[in-house]
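Residue numbers (numbering that gives the first Met the number 0): 0 to 144. No residue lacks a Cβ here, since even glycine has one placed at the ideal position from N, Cα and C. Keep in mind that this is a model prediction, so the values were computed, not measured. Take a look at the structure below.
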Amino acid sequence: MPENSLILVDSNILVYAYDINEKGKRPKALKIIQSCWEGKLKLCVSAQNLSESFFILTNKVQYPLSVAEAGERVQAIINSSKWKVFDITKEAVSNAMVLSKNHGMVYWDSLIASVMKLNGVSTIYTENTKDFSKLPGIEVVNPLR
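Listed below in structure tokens is the structure:
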């Protein structure tokens, strides 16, 4: 599977898929996630996306998931052969600092973009189109529209 055919799923899409209170966006987000589990879509995440999703789902949504339930969902992605999970390397951190400075991006978004670029991923599914659109070479898609 060529990695450039992968689509990175931003944390907000993962959160919407598992947030039972998110009536409007949840069906679309869940469909995206299910497409990966069914082998219809090649998705990836960074370790940062999984960490952010776990934290938000257990602390920031109206009806938080238990640590065990959120942990099971994150661990399922980590253990799955259907998902590609990219680690954050020291090179990714160095590149993210440069991206943040040169493009006026929030560091955490720059880190995701850096991981994408280092792993040949050129498309991101996110609601955060404003920040990621600042970067050349990244196709930004809001699949929740």
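- Message: Please identify the residue among S113, E68, N94 and T128 whose C-alpha is closest to the C-alpha of V44.
- Response: By one-based count along the sequence shown, residue 44 stands at place 45. Residue S113 holds the alpha-carbon nearest to the alpha-carbon of V44 among S113, E68, N94 and T128.
- Range of the contiguous beta strand (DSSP E) that encloses I123: Position 124 of the sequence shown, counting from 1, holds the residue named residue 123. Residue range T122 to Y124 is occupied by the beta strand (DSSP E) that includes I123.
- So what does DSSP say about E2, is it helix, strand or coil? Residue mapping note: residue 2 aligns to position 3 of the sequence shown, counting from 1. Its pLDDT being 47, under 50, E2 is placed unreliably in this model, and the value from its coordinates should be taken loosely. Looking at E2 - three-state DSSP - the assignment turns out to be helix.
- Task: Rounded to whole angstroms, what's the CA-CA distance from N127 to R25? Just pull it up for me.
- Result: Mapped onto the sequence shown, residue 127 falls at position 128. Mapped onto the sequence shown, residue 25 falls at position 26. Between the alpha carbons of N127 and R25 lies a gap of roughly 16 Å.
- Same chain, Cβ closer than 6 Å to V97, neighbours up to 5 away in sequence not counted: In the sequence shown, the residue the question calls residue 97 occupies position 98. Excluding the 5 residues flanking it on each side, V97 has no same chain C-beta neighbour closer than 6 Å.
- Query: Would the beta-carbon of E138 be found less than 7 Å away from any heavy atom of the ligand MG?
  - Reply: In the structure shown, the ligand MG is absent, as is every other ligand, since no ligand is present at all.
- Relative to the alpha-carbon of S132, which residue among L117, G119 and V105 has its alpha-carbon at the smallest distance? Position 133 of the sequence shown, counted from the start, is the residue given in the question as residue 132. When only C-alpha atoms are compared, the closest one is V105.
- What is the DSSP secondary structure of L44, counted as helix, strand or coil? The count along the sequence shown starts at 1 and reaches residue 44 at position 45. Note that residue 44 is Val in the sequence shown, not Leu. Look at V44 here: in three-state DSSP terms it is strand.
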